[in-house]
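Chains as they are written, first to last, in our numbering: chain A, 1 to 320; chain B, 1001 to 1320; chain C, 2001 to 2320; chain D, 3001 to 3320. Ideal Cβ positions, reconstructed from N, Cα and C, are used throughout, including at glycine. Below is one structure, written out as structure tokens, with a few remarks after it.
Protein chains: 4
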Amino acid sequence: MKRIGVVTSGGDAPGMNAAIRAVARIAYSKNFQVLGFERGWKGLLMNIFKPLTPRSVGGILQLGGTILRTSRCPQFRKREGIRKAAENLALNNVDGLVVIGGNGSFEGALELSKETGILIVGVPATIDNDVFGTDETIGFDTAVNTAVTEIDKIRDTAISHERIFVVEVMGRTRGFLALTVGLTVGAEVILVPEVKCKTESILEIIKENSAKGKRSGIIVAAEGIGDTRKLAKEIEEDTGAEVRLSILGYAQRGGNPTARSRLLASLFANKAIELLSEKKGNRIVGLQKGRITSVELEKSCNTEKPLDLNLLWLANILAT
Amino acid sequence: MKRIGVVTSGGDAPGMNAAIRAVARIAYSKNFQVLGFERGWKGLLMNIFKPLTPRSVGGILQLGGTILRTSRCPQFRKREGIRKAAENLALNNVDGLVVIGGNGSFEGALELSKETGILIVGVPATIDNDVFGTDETIGFDTAVNTAVTEIDKIRDTAISHERIFVVEVMGRTRGFLALTVGLTVGAEVILVPEVKCKTESILEIIKENSAKGKRSGIIVAAEGIGDTRKLAKEIEEDTGAEVRLSILGYAQRGGNPTARSRLLASLFANKAIELLSEKKGNRIVGLQKGRITSVELEKSCNTEKPLDLNLLWLANILAT
Amino acid sequence: MKRIGVVTSGGDAPGMNAAIRAVARIAYSKNFQVLGFERGWKGLLMNIFKPLTPRSVGGILQLGGTILRTSRCPQFRKREGIRKAAENLALNNVDGLVVIGGNGSFEGALELSKETGILIVGVPATIDNDVFGTDETIGFDTAVNTAVTEIDKIRDTAISHERIFVVEVMGRTRGFLALTVGLTVGAEVILVPEVKCKTESILEIIKENSAKGKRSGIIVAAEGIGDTRKLAKEIEEDTGAEVRLSILGYAQRGGNPTARSRLLASLFANKAIELLSEKKGNRIVGLQKGRITSVELEKSCNTEKPLDLNLLWLANILAT
Amino acid sequence: MKRIGVVTSGGDAPGMNAAIRAVARIAYSKNFQVLGFERGWKGLLMNIFKPLTPRSVGGILQLGGTILRTSRCPQFRKREGIRKAAENLALNNVDGLVVIGGNGSFEGALELSKETGILIVGVPATIDNDVFGTDETIGFDTAVNTAVTEIDKIRDTAISHERIFVVEVMGRTRGFLALTVGLTVGAEVILVPEVKCKTESILEIIKENSAKGKRSGIIVAAEGIGDTRKLAKEIEEDTGAEVRLSILGYAQRGGNPTARSRLLASLFANKAIELLSEKKGNRIVGLQKGRITSVELEKSCNTEKPLDLNLLWLANILAT
């Protein structure tokens, strides 16, 4: 192993820069050269990169976003795209590639690995926390805290106006973000795509709460559950309460990473370089049972990560 | 003057609690009793209040929302509503009333003042900053900083993905919030209801920026300008850039007040009690030319506060 | 099991209120009554408590500190103190006791358990993270993030003035807080009591960094390493660099808990009530290998929790 | 006017970068070239500078510190230093100089202005807010909010432990920061160098509060009042209360500037360039009576800015 590439792909997540920094510095300590490919897969396709040195990654640890930039790149997923990327990696004598991203990025990485002999290691970084093979992804803790801080503020208005707020959080098709956020803000109701919840059940909870003297409430809904606007309207019409919808936006994807997202980024990067220096590839690194470990890339791509429904049950008790 | 009432009305704003605390404690120092009417005008209509003492307002200085709660109350604005409120004030021997709120609350206060002999002083508290007679309202600085913090985060994603973001901020029909936020986040374009801006002009700026090498951008739009979703779509279709819409929600109305919102709350409350102790009423207090002052309630209600368009001009130069 | 007590003892930690809320609500769901003893062991000694109901613990989830208050109570540790506390618990028909605190509190709990038949479960909550039997304590993540946020700010001044900053963080006699904070702020040097580090080694690192062009630096030092003022002076005198000392204070112990501290509080409380309802006592709950578990109280008290020195090694590479 | 210089000098303050950006971009809009001298006066002495263009100041608006760096430079204040700086300015055809800093920087600027014919305009930026000629300096609002946020956290511990905290804030020899911070955190006692306060009076207030049931308290003390460690000890010994000292450190000088600090930076820079383009120099810009204005540099240097003692009086009433 002499030279490795690193790329950030798909949606950005807070801590990606911490991961880039850690990859560059740990690789340097093992005498690897590091090339940073820019704009996600596009950089591999178009052979756009910059060398990353310990000094060039200074001062980025605490920054949101990614200094390598990222993009969606549909051409990459076509046969010619993959082949072109493989050619460019060979052209630059890149022996190993670290892919920092989420499921979509790892699927691309899997296809690329089939086309080229170079070793590929995935570093899971996405606010959605939906990657099989790791209990937590880089950026998840930051996004959770960003959402929690915002909902704590919305709670002020909810109480003052005695209103119900439906708060939509991100998470794509999954409920990891909504569940942790909902539990930690003390949401009266948490709606995730993994568990169908009839509108009647929601209405019933609101009425029970009202009977107990709880005149305001927070419903945290994953974006994956469908039309939250319609839901808010239905609740308002049925209960007669004032109901407002608040869609937490892209701020969930940015901001300075929390300590935990920075720590995971450092630990994951360390493991990724360790794997590459042992000539192991086609794996993603992860946190499992409190330890840094790795699983096969293909297994990660083909397995759905389960949502811990015990947390949902606990959240319901806590919101009594 | 023996006994005064205090009420928070209309939309909540961070710093209302700081104002309630200051009213209660300053009034106490002048040997006034203070009654806190609950849920806005509804509390006056229904005669629901609690005594406020220096101790009972302890620990609320830094809290968002309002411990007196607030509501919209359409019945109040009818003749019988006003009359009922006046009766309740008389019944409780209330000689003076401090109304903490925005334009809508002050219009209600004006009508009430015509029906009753008691002295009314308005304390401007709204994140919209649209009250004539004061350069700044309680809560405005907090809302600005909340929006700025969120947009700083969105900027991370904008740069990483080389996207344009349209960010909608609150402000009802006016552009005060959008203008200050836009200038202080360095928005490439600021859209306020006070200045019509053709979509073509926006497209032109984006294209100029792109030519200069600025591949991402933030457009801050006041909610009062109309359909931001349509705008985002038009920009995407015309420029071919990736465009995303983010609507900053109710978090702008909550949260711990900034030091400045707390300071204004204290100074305004002090002036309000000073006016009442001098038997002056039917005024709102405010900050003008750097000093705490007051204007007639009626004048405040009937005059539109001008937006400083020089700031918009400056913002455009700064976003070069 | 009919009635349980809960007490917060020792230094406060963010998330204690989240734990109190969770204990009260989960206990309620199992038909237990809950008494909250006030001011730590003092409340048990003096029989001062208040009933905790699902409603009375509403609105505290996000608050720092502890609504039950806490104190140091030297009398408790004497024989008569323990006996008096045991009497009061019996007097109130308390069958189980949840002790929320750190090592000192658990030592008290151990002594109490020897004097009384009631079941005691410890819930580890301390910013020091020095409790054997759990990988993480309630409040640790919050304190880490508070320190990181402050040091990110100090870094601004360090770079602008090209200065070295020695930043002292809390942690009593241990280095858990300093190590995680140091790694996640990218400190050039991390000093913990567990690893002796000669001043010469520190000076050497600073000189190497200076040779590489790093003109500023952050040294994160645990309070347990000794006199940081002297250290700062020595570095200044030897290297000729401008060196400043900043002692991060009690803000590390307060503030709204992070999502993770709230989550741990909820999970730990849940486990504690589960143990009590199974008539198991004299244990502390904890997070081990990613799972919520428990260990014997006595073992926790008598075993020193090891510091992960691999993290220190990694931090040094990352600060290259 | 063809070419202007800009320098940041003395202690750094949040918003200096916002001011540099605004100076560069507004100057550009008037066809001026801008040179940024590095490391404060040292850069003028040693002729180290970089050209600032609209693009090169992109992305710095929200950053703490100063990209031009700053330093203390005792040589500058000697005759030869001033002369050398004047020569370098002439050598580079610099017609005007914008000095961003506080009183110390302005005294240097005054001496320089006597040695050279070029026009000098001061832009007040210091967290101490002690510059005559402006009601507020760039960075003051940020530092106030940083301190307030920290003290809000310390309050959690104060209440939980029923302790008195003496919190020392910055401000050099003056009490502007301590006064605004103390009022907005609701400090029970505020100590500023401008008002001598006997220890007996402080003890009396604490005992009165204790009699009223206030068992915890915050004493905000400016660093300029002298030995706060001794004060804390005296209070503890006399009252028997638990007293802790917390010295808020350099975090007060860093961090992302608040919206207000950014706004002031933009408005001040705009006025500075306006003055230079009108060939007016030897003035500092400022905020007075709510308007952006300017005063003579010499007058600013030779006049002490008064502290508003009415605020102290109000704070005492509010802390009842």
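Range of the contiguous beta strand (DSSP E) that encloses residue i
i, result
"glycine 2286 of chain C", "2283 to 2288"
"serine 1294 of chain B", "1291 to 1296"
"serine 2246 of chain C", "2243 to 2247"
"isoleucine 2004 of chain C", "2003 to 2008"
Residue range of the alpha helix (DSSP H) that includes residue i
i, result
"isoleucine 1225 of chain B", "Neither: isoleucine 1225 of chain B is in no alpha helix (DSSP H) and is coded neither H nor E."
"lysine 1084 of chain B", "1079 to 1091"
"phenylalanine 37 of chain A", "Where phenylalanine 37 of chain A is concerned, there is no enclosing alpha helix (DSSP H), although the beta strand (DSSP E) it sits in stretches over 33 to 37."
"leucine 1263 of chain B", "1259 to 1277"
"leucine 1325 of chain B", "The structure shown does not extend to residue 1325 of chain B, since chain B spans only 1001 to 1320, so no value can be given for it."
"leucine 1318 of chain B", "1309 to 1318"
"valine 23 of chain A", "16 to 29"
Per DSSP, cross-strand counterpart(s) of residue i
i, result
"glycine 3043 of chain D", "None, per the DSSP bridge assignment."
"alanine 2125 of chain C", "C/Ile2138"
"isoleucine 48 of chain A", "According to DSSP, isoleucine 48 of chain A bridges with nothing at all."
"isoleucine 3218 of chain D", "D/Phe3165"
"isoleucine 3120 of chain D", "D/Leu3097"
Whole-angstrom distance between residue j and residue i, CA atom to CA atom
i, j, result
"asparagine 3031 of chain D", "glycine 3290 of chain D", "29 angstroms"
"phenylalanine 1316 of chain B", "isoleucine 1202 of chain B", "What sits at residue 1316 of chain B in the sequence shown is asparagine, not phenylalanine. Taking the straight line from one Cα to the other gives about 12 angstroms."
"aspartate 1095 of chain B", "asparagine 1088 of chain B", "12 angstroms"
"proline 3193 of chain D", "leucine 1314 of chain B", "39 angstroms"
"lysine 3078 of chain D", "threonine 3116 of chain D", "15 angstroms"
"isoleucine 1225 of chain B", "isoleucine 1219 of chain B", "12 angstroms"
"threonine 2228 of chain C", "tyrosine 3250 of chain D", "16 angstroms"
"proline 257 of chain A", "glycine 139 of chain A", "7 angstroms"
"phenylalanine 1014 of chain B", "valine 144 of chain A", "Per the sequence shown, the amino acid found at residue 1014 of chain B is proline instead of phenylalanine. Roughly 23 angstroms separates the two Cα atoms."
"threonine 2134 of chain C", "proline 306 of chain A", "25 angstroms"
"leucine 3044 of chain D", "threonine 1157 of chain B", "38 angstroms"
"glycine 2005 of chain C", "alanine 2265 of chain C", "17 angstroms"
"aspartate 1055 of chain B", "asparagine 1310 of chain B", "According to the sequence provided, residue 1055 of chain B is arginine. The question's aspartate does not apply to it. Cα to Cα, arginine 1055 of chain B sits roughly 45 angstroms from asparagine 1310 of chain B."
"leucine 3245 of chain D", "serine 2009 of chain C", "21 angstroms"
"glycine 2255 of chain C", "leucine 2061 of chain C", "12 angstroms"
"alanine 3019 of chain D", "leucine 183 of chain A", "43 angstroms"
"phenylalanine 1106 of chain B", "leucine 287 of chain A", "57 angstroms"
"serine 300 of chain A", "isoleucine 284 of chain A", "7 angstroms"
"threonine 3293 of chain D", "arginine 3260 of chain D", "17 angstroms"
"glycine 3081 of chain D", "valine 1243 of chain B", "53 angstroms"
"leucine 35 of chain A", "alanine 27 of chain A", "11 angstroms"
Neighbour flag for residue i against chain E, beta carbons, 7 angstroms
i, result
"lysine 1050 of chain B", "The structure shown contains no chain E; the protein chains it does contain are A, B, C and D."
heavy atom of the ligand PLP below 6 angstroms from residue i C-beta
i, result
"glycine 3015 of chain D", "Only the bare structure without any ligand can be found here, which leaves the ligand PLP out of the picture."
Practice prompt. Mind checking the stretch 3058 to 3085 of chain D against chain B and listing, in chain order, the residues whose C-beta falls within less than 9 angstroms of any C-beta there?
Written response: Gly3058, Gly3059, Leu3061, Gln3062
Worksheet item: Can you list the beta strand (DSSP E) stretches of 3 or more residues lying completely in the stretch 3142 to 3216 of chain D, in chain order?
Response: 3164 to 3169, 3189 to 3191
Item to complete: With 8 angstroms as the C-beta to C-beta threshold (strictly closer), list the residues of the stretch 2125 to 2142 of chain C near chain A in chain order.
Response: Asp2135, Asp2141
Fill in: Within 8 angstroms of chain A by C-beta, residues of the stretch 2278 to 2295 of chain C in sequence order
Leu2287, Gln2288, Lys2289, Gly2290, Arg2291
Worksheet item: Relative to chain D, which residues along the stretch 1149 to 1170 of chain B have a C-beta separation below 7 angstroms, given in chain order?
Response: Asp1152
Item to complete: Residues of the stretch 2225 to 2244 of chain C with a CB closer than 9 angstroms to any CB of chain D: list them in chain order, please.
Response: Glu2242, Arg2244
Worksheet item: Mind listing which residues of the stretch 2207 to 2223 of chain C have their C-beta closer than 9 angstroms to chain A's C-betas, in chain order?
Response: Lys2212, Gly2213, Lys2214
Practice prompt. Report the residues of the stretch 1249 to 1264 of chain B with a CB closer than 7 angstroms to any CB of chain A, ordered along the chain.
Written response: Gly1249, Tyr1250, Ala1251, Arg1253, Gly1254, Gly1255
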